[in-house]
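Chain order of the listed sequences is C and F. For the first sequence, the residue numbers in the working numbering are 1 to 549. For the second sequence, the residue numbers in the working numbering are 550 to 700. The structure under discussion appears below in the form of structure tokens.
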Amino acid sequence: MSTILGGVFLLLVVVGIALGVRALASRRGGREGSGHDFLPYALLAVAVGITVYSIAQLGRAAFPGANIVGSGGQQVASALAGLLVGAPFAVILWRRQAERRKLFPGSSGWPLYLAVAEAVLTTTLVVVTVQLLNWLIGDGDRSSWTDVIVLGAVVGFHEWASREDPPGSEAAGLPRVVGSAIGLITVSIGVAGVVWSLLDYLYGTLFATAGSLDTIRWLILVIIGLPLWVYRWLRPWATEPFAPRKVWLVVTSVAGLATAIGSAVAVAITVVTYVVGDVAAAQHFEVLPGAIAAGSVGYLIWAHHRRRMGVRWTVMVHGEADTVGLRDHVVAAYQYIMAALGMSFAVGSITALAAVAIDRDIVGSDRPAATVSLAIVAIASVAVWWWFWSECQSQERAIESTIQPRRVYLIGMAIVAGVAATQALIAALVVIFQYILGLDPNQTTLVTEGTLAILATGATLHLLQVNKADRALHESGVVILPFEVTIVCSHPGRLAALFPKEAKTKVIYRDDDLGVVTDELAEEIILAVGTKSSIVWVHENGFEVAPAR
Amino acid sequence: MSQSKTVRGWWVAGGAFALIVGLVAVALIRKPVELDPTTPEGTVQAYLQAVADKDFSTAISMIDAESHPDCKPADLAYVSRDQHFTATVGETTISGGIAYVPVTITMGASPGPFDPGRSGYDQQFTLRETDGGWLITGDAWPYFSWRCDQP
Chain C
1 MSTILGGVFL LLVVVGIALG VRALASRRGG REGSGHDFLP YALLAVAVGI
51 TVYSIAQLGR AAFPGANIVG SGGQQVASAL AGLLVGAPFA VILWRRQAER
101 RKLFPGSSGW PLYLAVAEAV LTTTLVVVTV QLLNWLIGDG DRSSWTDVIV
151 LGAVVGFHEW ASREDPPGSE AAGLPRVVGS AIGLITVSIG VAGVVWSLLD
201 YLYGTLFATA GSLDTIRWLI LVIIGLPLWV YRWLRPWATE PFAPRKVWLV
251 VTSVAGLATA IGSAVAVAIT VVTYVVGDVA AAQHFEVLPG AIAAGSVGYL
301 IWAHHRRRMG VRWTVMVHGE ADTVGLRDHV VAAYQYIMAA LGMSFAVGSI
351 TALAAVAIDR DIVGSDRPAA TVSLAIVAIA SVAVWWWFWS ECQSQERAIE
401 STIQPRRVYL IGMAIVAGVA ATQALIAALV VIFQYILGLD PNQTTLVTEG
451 TLAILATGAT LHLLQVNKAD RALHESGVVI LPFEVTIVCS HPGRLAALFP
501 KEAKTKVIYR DDDLGVVTDE LAEEIILAVG TKSSIVWVHE NGFEVAPAR
Chain F
550 MSQSKTVRGW WVAGGAFALI VGLVAVALIR KPVELDPTTP EGTVQAYLQA
600 VADKDFSTAI SMIDAESHPD CKPADLAYVS RDQHFTATVG ETTISGGIAY
650 VPVTITMGAS PGPFDPGRSG YDQQFTLRET DGGWLITGDA WPYFSWRCDQ
700 P
């Protein structure tokens, strides 16, 4: 009876899937909708996930290793059920979306789908490959080699598809950025592990502690992560940096520099607290290998990504072409985030320092070490804030005051600091009222909250004052917003030199001599463009100006 | 769609179908390896096969009675209800008359590649050498010793 019911249910499922597939197929290629197709791509991702999972199950069932009990029947049943549901939808949705992409080449759904596939499938491929190598050349547990083949094939298939049909839209760079992130995180952990392992071994040799050389498992991460990162990140990018790439540059630069500075601070604290403490050197400096390894990798990540920030333009100065890197919003965002981090840590560490200075009970015998540690953190934080804030302030104020990262920094940090100041002020007043009412207030609370209130209020006032000055500059009318001019010509002459300094000038050369910019023509172009971003096309009869974004 | 793309698509679909059929065939035809029952891994195989066959008396006879003197077949049966599993064996290490046999137990379907790449649950069986054979000691999978004290 159960066999008959099972057969009927299977038949119903097959018929249901066939009807669903047919309904999807009949809608293929329609022009309806915006073409972004987020829902179909989400369904495709689920269907592909089920299919890949099922094929991997089959691989494991077929090649389980030294099987001593049972056969792969259970796994085959599970895998076939998954394939029956997932594969038809995966195939039909894939074909449907391929047709839709011809009608809507700028679909945002396609790069988002590829990014999700990259995040899930490539991450899994990296994990199973690392486990396989750990099993083969390291001391890891048994791993399924069929997973590597199945996932490798699926990742390769997606890469082939993205090359056959490159994603468009502003999100086009997202899949590559996700792949770069997977590769960079893997290789960073690997390099940090190798450096830490070597230093720890060296440290163990010098101080006779329990250091051991175990670099294989870290090297495996480097072996897997490095090619992926190189392929995804270092290949030339098609055009100007896409938004995801810009965001990734900021994230990696901030994370890398923060890690490097944090590690340097940890090393400094370790050295200085040794002088004021009474701990044996062998135990005290055990943290150094880890701090140096993390700091080195952080520095390398920062050094690589920081250099790639900023749009490079060809600027014509007195008829000479000069390619320079200019500060853009990406660089500004990085600098303001670092300034915000410096300010936050400065306020926090100085507040904690005040608490340590007043509190004798809690800190006890670690008081000198805690004081020195917090003082070093405070000095480093203030230095970071001062450095990046000075960098920002050294820019042309009229231009700088208009950019978005500065506004976000000034207003956002003013709100955060203002909320912190208000909360701290209330807490400090509670203690004061407790004094007045003859209760038994905590002295440390008053000092901590009082310090925080003063520092956060100072920060808030500073930020609001700068913001007010920026706004006054706007209202005075002397601000010319930065603008970009792209000139298509045979020779730009002195044109670029005549634009105001707020202009970023890009020259695209024609392959003929019909578009030479004379001095008279240059003056006319300057008047026509004004201070608006434009595209200028110079031809034999003069020039045309079109507005640009 | 161009002719070449259509042909290529059919090749990909055909290849995928052939791969699936091949994997299913290999998985179903493949039988467990037969190990020498006088070896540690052979003892573990016989024990697990007895558990799989619900022959709990035979399974209990392979457990070292000194480890769990109060354990009865019913105790093992209690924790082994409705368990379908496959098992693969790793490399055995023997030291001073004690053998360690790593075994991967897969309950029903494999966790699959999205479950940190593991193919099952790793267990280690510890065996003591006896006259002409080996006995499983300690609390062996499926961990039923807690049941032995129950009335």
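A virtual CB, placed ideally from N, CA and C, is assigned to each residue, including glycine.
Enclosing alpha helix (DSSP H) for residue i [first to last residue]
{"i": "His329 (chain C)", "result": "His329 to Ile358"}
{"i": "Ala124 (chain C)", "result": "Rather than Ala, the amino acid found at residue 124 (chain C) in this sequence is Thr. Its alpha helix (DSSP H) spans residues Thr123 to Ile137."}
{"i": "Gln594 (chain F)", "result": "Pro589 to Ala601"}
{"i": "Trp110 (chain C)", "result": "Gly109 to Ala117"}
{"i": "Thr146 (chain C)", "result": "Trp145 to Glu164"}
{"i": "Arg696 (chain F)", "result": "Ser694 to Cys697"}
{"i": "Val628 (chain F)", "result": "Pro622 to Val628"}
Residues near residue i in its chain [Cβ-Cβ closer than 8 Å; skip 5 each side]
{"i": "Val652 (chain F)", "result": "Val593, Leu597, Ala636, Thr637, Val638, Gly639, Asp671, Gln672, Gln673, Phe674 and Trp690"}
{"i": "Gly168 (chain C)", "result": "Pro105, Gly106, Ser107, Trp110 and Pro111"}
{"i": "Ile220 (chain C)", "result": "Val130, Leu133, Asn134, Ile137, Gly138 and Gly190"}
{"i": "Phe499 (chain C)", "result": "Val485, Thr505, Ile526 and Val529"}
{"i": "Leu43 (chain C)", "result": "Phe89 and Leu93"}
Close Cβ partners of residue i (< 7 Å) along its chain, the five nearest in sequence each way excluded
{"i": "Val177 (chain C)", "result": "Pro244, Arg245 and Trp248"}
{"i": "Ala528 (chain C)", "result": "Val545"}
{"i": "Gly140 (chain C)", "result": "Gln131 and Asn134"}
{"i": "Ala608 (chain F)", "result": "Tyr596, Ala599, Val600 and Leu625"}
{"i": "Ala421 (chain C)", "result": "Ala453, Ala456, Thr457 and Thr460"}
{"i": "Lys532 (chain C)", "result": "Phe483 and Pro547"}
{"i": "Gly687 (chain F)", "result": "Ser616 and Thr675"}
{"i": "Thr445 (chain C)", "result": "Ala427 and Val431"}
{"i": "Arg308 (chain C)", "result": "Leu249"}
Neighbour-count burial assignment, residue i, 16 or more Cβ in a 10 Å radius
{"i": "Thr51 (chain C)", "result": "buried"}
{"i": "Val91 (chain C)", "result": "buried"}
{"i": "Thr555 (chain F)", "result": "exposed"}
{"i": "Glu475 (chain C)", "result": "exposed"}
{"i": "Asp698 (chain F)", "result": "exposed"}
{"i": "Val187 (chain C)", "result": "buried"}
{"i": "Pro665 (chain F)", "result": "Note on Pro665 (chain F): pLDDT 42, under 50, position unreliable in the model; the coordinate value appears next. Exposed."}
{"i": "Phe89 (chain C)", "result": "buried"}
{"i": "Asp513 (chain C)", "result": "exposed"}
{"i": "Arg406 (chain C)", "result": "buried"}
{"i": "Asn67 (chain C)", "result": "buried"}
{"i": "Ile436 (chain C)", "result": "exposed"}
{"i": "Glu583 (chain F)", "result": "exposed"}
{"i": "Val76 (chain C)", "result": "buried"}
{"i": "Glu540 (chain C)", "result": "exposed"}
{"i": "Trp302 (chain C)", "result": "buried"}
{"i": "Leu481 (chain C)", "result": "exposed"}
{"i": "Pro227 (chain C)", "result": "exposed"}
{"i": "Glu118 (chain C)", "result": "buried"}
{"i": "Arg96 (chain C)", "result": "buried"}
{"i": "Gln465 (chain C)", "result": "exposed"}
{"i": "Ala614 (chain F)", "result": "exposed"}
{"i": "Arg232 (chain C)", "result": "buried"}
{"i": "Tyr336 (chain C)", "result": "buried"}
Sheet register partners of residue i (DSSP bridge)
{"i": "Glu544 (chain C)", "result": "C:Trp537"}
{"i": "Val652 (chain F)", "result": "F:Val638 and F:Gln672"}
{"i": "Leu684 (chain F)", "result": "F:Arg677"}
{"i": "Ile612 (chain F)", "result": "F:Ile685"}
{"i": "Ser644 (chain F)", "result": "F:Ile647"}
Same chain, Cβ closer than 6 Å to residue i, five either side skipped, listed in chain order
{"i": "Tyr299 (chain C)", "result": "Ala260"}
{"i": "Thr215 (chain C)", "result": "Val194 and Ser197"}
{"i": "His158 (chain C)", "result": "Ala117"}
{"i": "Ala172 (chain C)", "result": "Pro111 and Phe242"}
Opening and closing residue of the beta strand (DSSP E) in which residue i lies
{"i": "Glu678 (chain F)", "result": "Tyr670 to Thr679"}
{"i": "Phe634 (chain F)", "result": "Phe634 to Val638"}
Starting from the N-terminal side, write out each stretch of the alpha helix (DSSP H) that is 4 residues or longer and does not extend beyond the segment 218-306 of chain C.
243-276 and 281-284
Mind pulling the beta strand (DSSP E) runs of 3 or more residues that sit fully within the segment 442-530 of chain C?
483-489 and 503-509
For the segment 385-450 of chain C, which segments carrying the alpha helix (DSSP H) assignment without a break, of at least 4 residues, lie completely within its bounds, in sequence order?
397-400 and 404-436
Runs of 4 residues minimum, wholly inside the segment 44-107 of chain C: which ones carry the alpha helix (DSSP H) assignment?
73-103
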